[in-house]
Structures are given as C-alpha cells and as structure tokens.
DNA sequence: CTACATTTGTGAAGATTTTCACAAGCGAAG
DNA sequence: CTTCGCTTGTGAAAATCTTCACAAATGTAG
C-alpha cells in the first residue's frame with residue numbers, strides 16, 4: 381500500500397511512511413491504509429476539508445485563464461471577487477462577478493471575507509496591492525508577478541514564475557548535453 | 381557582494397558562494413563579483429545565452445495567456461508554432477502564427493526545430509501528445525496538465541500545478557493557525 | 001490458541017545539504 | 001615591499017533528509 385502510494389508519487393515506500401508519521405498514524409499494520417480515511421485525514425491536515433474564499437486581483441489574460449479554470453472551484457477555491465485597475469474593465473461581468481476597481485479592494489476583502497488572493501498583475505503594481513491585501517486581512521497570496529513580495533512572515537506567498545520554469549528546462553537540457 | 385546576492389535571493393552569503401563554487405570560480409577575493417561577467421557566466425551555464433524554439437500545444441485560455449506574455453520572448457523563448465485539436469481554432473491566426481492541427485505536429489517539430497513544448501491541454505490528451513513530442517525530437521516539456529507525464533528520463537519535464545500551489549497556501553495558513 | 005504472512009511505524013545508519021569559520025588572494029595605502 | 005582591510009572559496013562541522021531494516025501489529029488459516 382505504501383508501495384503503491386510511493387509509485388504514484390514518484391518516491392519510495394519508506395518516504396511515504398516517514399512523511400505520514402510526521403502527522404500521525406494512519407494505517408493498520410499488516411493491512412495498509414484505508415483510502416477514504418487517509419484521504420480525509422490528509423485533507424484535514426492540508427486544510428482543504430473546507431472551501432476557501434479567493435479574490436482575483438488582475439483581470440488580464442492570466443487572470444482570465446485562472447478564473448475559467450474549472451478545477452479551482454472543483455477543489456474548493458471559490459472566487460468571490462475580481463479587481464482590476466483598468467477603467468475599461470471595471471464594471472464588466474465575468475461569469476457571476478462584476479470587475480471592481482482597486483479603490484474598493486479593502487472593502488471587498490473585509491465584506492466578503494477573502495482569505496486568499498491570486499495576484500496576477502504586472503510587476504510594478506504587485507507590491508502595493510500585496511501590502512494592501514495583507515493589511516485588509518488576506519491570509520495568503522498566490523503570486524504571478526515576477527517579483528519577491530515583501531509581506532510579513534505570517535502571510536505565506538507562493539510564487540509562480542513561468543520564466544524560471546522554462547529556464548530550469550533549459551538548464552536541464554544544456555546539462556544533459558554537456559554530459560553526453 | 382555575496383551578502384547582497386544572498387539578500388536578494390532570500391538565502392545566505394555562504395550558500396551563494398557554495399552554490400557558485402559548484403560551477404567554478406567567478407569572483408575576486410577582497411573585491412566581489414563583477415556583475416556583468418557573473419551574469420554572462422550564469423547565463424551560459426543555465427543555457428539561456430541563446431534563444432530557444434518553443435511550440436505551444438493547446439490554444440485554450442492558458443495557452444493564450446502564455447502566448448501573449450511578453451516576458452517569454454524577451455527572455456529568449458520564441459514561440460514558433462501553435463497546435464490545437466479544436467477544428468474551430470485550427471486556421472485561426474494568433475499574432476504572427478496560424479494554429480495547426482495535431483496531425484501536423486511531428487512535421488512542425490521537425491521542420492521548425494522545436495526544442496521545447498508548452499503543454500497546455502486538458503489532462504486526458506496530455507500523455508499522448510507528450511509521447512509524440514518526445515518521439516519527434518522535443519527536448520523538454522513545460523507541463524500544465526495535472527498528470528505525471530511518462531517520458532524517458534533524458535527529457536526533463538517541469539510541472540506547473542496551480543491547484544497544488546493553492547493547497548500549499550492552505551496548508552501553510554492552517555498550520556500557522558494551529559500553532560497560534 | 002498458535003503459527004504465519006503481511007505491512008506499518010520508527011530508531012539507527014547513511015547521504016546530502018547547509019552553516020561555520022578561516023586560509024587564500026586581491027587591491028589600496030603607506 | 002609590506003601591511004592592512006576586505007571578500008571569496010572551501011574544508012570541516014552541524015543539521016537535515018533519506019534509506020534501511022526490523023520490531024510491533026493485524027488479520028487469516030489451521
């Protein structure tokens with residue numbers, strides 16, 4: 381069973397068991413893990429056993445792509461607001477939401493109880509919006525802007541930097557060719 | 381100087397120096413690093429001292445967002461072809477490129493010398509297209525499909541899984557609250 | 001109830017990564 | 001030419017992570 385999980389996760393059985401042991405004991409010796417139970421336990425540990433309220437900040441191409449990505453909602457991330465600074469876009473309707481202006485940002489976060497933001501704005505605007513989000517009570521940021529956000533350590537930030545991903549590929553390929 | 385680089389990279393001076401030492405000696409003791417030189421050396425090591433030819437596979441929202449992202453071209457990643465399976469899209473023009481059908485995929489890769497693909501198609505289609513890309517000579521894959529691609533180890537794959545990034549945020553927040 | 005076949009959970013060993021701390025080298029100043 | 005202040009490059013130590021290997025459980029069969 382831990383063997384099977386290891387194969388799926390591209391790791392080893394011992395690693396799976398050790399990792400799980402950091403959070404508790406989930407299996408039965410001689411038997412394995414009961415899948416539904418393990419799944420539920422892990423969901424609780426990760427914190428995805430309840431929905432999360434998300435605001436999309438930046439209604440550009442990336443913002444749109446994310447907004448339309450059905451897996452988000454399916455996994456419990458519910459987009460409750462969209463903010464953009466482009467006057468052309470403010471007032472536009474996407475799905476069931478109307479795009480709001482940045483001056484309403486704090487109000488929106490507070491009134492809709494936004495916990496996470498997806499920050500998909502150009503680099504220069506990102507830092508200020510991140511700071512305002514944190515002040516307004518946002519608890520985490522998924523950052524697509526190619527800058528390192530300066531926020532208090534209690535607010536986790538996940539950076540998505542596609543350029544760096546491509547560079548990692550370039551490096552791996554270059555390296556492999558050098559060895560050959 | 382290594383201090384400054386460390387601050388920027390959210391790490392320590394010793395780490396910066398140790399990391400660099402794996403590839404050679406770039407600074408001058410007592411002096412620091414000459415920025416232009418170091419930069420050029422690193423670009424050569426990473427393999428971004430020359431352009432890379434990229435094909436976009438999947439012309440959905442994500443594909444479009446990436447295609448329009450100016451930083452790609454600016455960093456030397458040149459999109460030379462777009463492939464999609466939707467008959468509605470085939471023949472459509474994006475920028476300077478016409479969207480091609482998947483039956484032309486191998487021909488395109490060979491004739492245009494595609495080295496990397498950005499795989500932005502729904503999960504079920506991804507594995508087959510990845511395999512075909514590898515057979516056609518593609519050297520690396522940036523994968524947006526939420527599956528683990530099965531390709532030979534000589535072909536590096538970088539996965540971008542936005543759900544997992546959000547889950548990492550959920551976990552960090554949940555964990556922090558538990559500690560408090 | 002006992003022996004057996006399993007598979008987890010986990011200390012201990014081994015491997016890797018990070019940090020420490022300092023010698024080696026460099027330019028400047030005298 | 002020598003001394004001094006500074007910063008890199010790097011062995012050694014410390015910390016962390018991964019693998020190993022086996023005792024502790026658990027169900028099954030006799």
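Residue numbers (the working numbering), protein chains in the order written: chain G, 381 to 560; chain X, 381 to 560. Where is the CB? At the ideal position from N, CA and C, for every residue including glycine.
Item	Value
Using a cut-off of 7 angstroms between C-beta atoms, extract the partners of residue 519 of chain G located in chain X.	553
Would residue 445 of chain G count as contacting chain X if we go by Cβ distances under 8 angstroms?	yes
Could you tell me which residues DSSP puts in a beta bridge with residue 426 of chain X?	Its beta-bridge partners do not exist; DSSP assigns none.
Nearest chain G C-beta to residue 432 of chain X closer than 8 angstroms, yes or no?	yes
Counting contacts by CB-CB distance shorter than 8 angstroms, is residue 526 of chain X in contact with chain G?	yes
Kindly indicate which residue of X/511, X/552, X/498 has the alpha-carbon position closest to the one of residue 432 of chain X.	X/498
On the DSSP letters alone, give me the boundaries of the beta strand (DSSP E) that residue 547 of chain X sits inside.	Residue 547 of chain X -> not in any beta strand (DSSP E); alpha helix (DSSP H) instead, spanning 542–559.
Pick out the complete beta strand (DSSP E) segments inside the region 418–479 of chain X, 3 residues or longer, and give them in chain order.	432–437, 457–463
Using a Cβ-Cβ cut-off of less than 7 angstroms, give me the residues of the region 481–504 of chain G that come near chain X, in sequence order.	496
What residues from chain X crowd round residue 550 of chain G, counting only those whose CB sits closer than 7 angstroms?	426, 427, 428, 432
How would you label residue 519 of chain G, buried or exposed, when you count the other beta carbons within 10 angstroms and need 16 or more for buried?	buried
Rounding to the nearest angstrom, what Cα-Cα distance links residue 429 of chain G and residue 554 of chain G in this structure?	42 angstroms
Check whether the region 447–458 of chain X touches the region 449–461 of chain G, counting contact only when three or more Cβ pairs, one atom from each stretch, lie closer than 8 angstroms.	no
Would you decide whether residue 523 of chain G is buried or exposed? Buried here means 16 or more other CB atoms lie within 10 Å of its CB.	buried
Per DSSP, which residues does residue 520 of chain G bridge with? Please list them.	G/496
Of the choices G/463, G/426, G/508, G/486, whose alpha-carbon is the least far from that of residue 438 of chain G?	G/463
Hey, does residue 395 of chain X have any beta-carbon neighbour from chain G nearer than 8 angstroms?	no
Where residue 538 of chain G and residue 491 of chain G are concerned, what is the direct C-alpha to C-alpha distance, given to the nearest angstrom?	24 angstroms
Among X/542, X/550, X/551, which one has its Cα closest to the Cα of residue 442 of chain G?	X/542
From the DSSP secondary-structure annotation, give me the bridge partner or partners of residue 412 of chain G.	G/408
By the criterion of Cβ-Cβ separation under 7 angstroms, what are the contact partners of residue 536 of chain G in chain X?	549, 552, 553
Would you mind reading off the limits of the alpha helix (DSSP H) that contains residue 383 of chain G?	382–389
Can you tell me the Cα-Cα spacing of residue 402 of chain G and residue 381 of chain G, whole angstroms?	18 angstroms
Which term fits residue 558 of chain G, buried or exposed, when burial requires 16 or more other beta carbons within 10 angstroms of its beta carbon?	exposed
Look up residue 531 of chain X in the DSSP assignment and say whether it is helix, strand or coil.	coil
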